């Protein structure tokens with residue numbers, strides 16, 4: 773079983789930016805904790821600051837047969853990208869939208885996600901546990 777985690781813009785600076793919201797761990801450190809917890813699952817990771825690369829990887833993964841699901845944290849693109857939303861709508865792999873912070877406690881533009889309606893579900897505001905709960909979902 774393979775589960776993909778795809779993170780969007782600024783995750784390459786996680787642990788260095790807005791630590792009051794996201795904490796001081798890099799996503800590399802977070803990913804190590806996640807992989808340690810789920811030793812029997814192959815967890816693959818992709819991060820990009822590019823909207824088009826998120827779309828490209830989603831379409832690429834859609835051609836694969838052994839992917840159980842995708843945890844997608846499109847970050848700011850969640851609130852602005854019709855293109856990512858349309859892409860999610862057209863692929864078969866179940867996708868769970870993830871946000872480490874509670875988007876409803878943030879600025880008004882972040883209170884709405886354009887991609888949520890095309891995802892299997894959404895997990896927000898639980899930090900690293902947002903990813904862990906997403907993985908558990910694919911196991912049941």
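Residue numbers (the numbering used here): 773 to 912. Yeah, the Cβ is synthetic: ideal placement off N, Cα and C, and Gly gets one too. From a predicted model like this one, the values you see are computed outputs, not experimental measurements.
The alpha-carbon of residue 813 is positioned some 7 Å away from that of residue 775.
Secondary structure at residue 878: coil, using DSSP grouped into helix, strand and coil.
Under the Cβ criterion (8 Å, minimum of three pairs), the segment 817-836 does not count as touching the segment 881-889.
Beta-bridge partners assigned by DSSP to residue 851: none are found. Residue 844 places its beta carbon 8 Å or farther from that of residue 904. Assignment of residue 906 by DSSP, reduced to helix, strand and coil, places it in the helix class. By the neighbour-count definition (other C-beta atoms within 10 Å, threshold 16), residue 830 is a buried residue.
Residue 795 and residue 900 have their C-alpha atoms some 10 Å from each other. With a 10 Å radius around the Cβ and a threshold of 16 neighbouring Cβ atoms, residue 773 comes out exposed. For the options 872, 911, 889 and 890, the alpha carbon positioned closest to that of residue 792 is the one of 872. DSSP places residue 832 inside the alpha helix (DSSP H), whose first and last residues are 823-834.
Just so you know, the alpha carbons of residue 842 and residue 870 end up roughly 10 Å apart.
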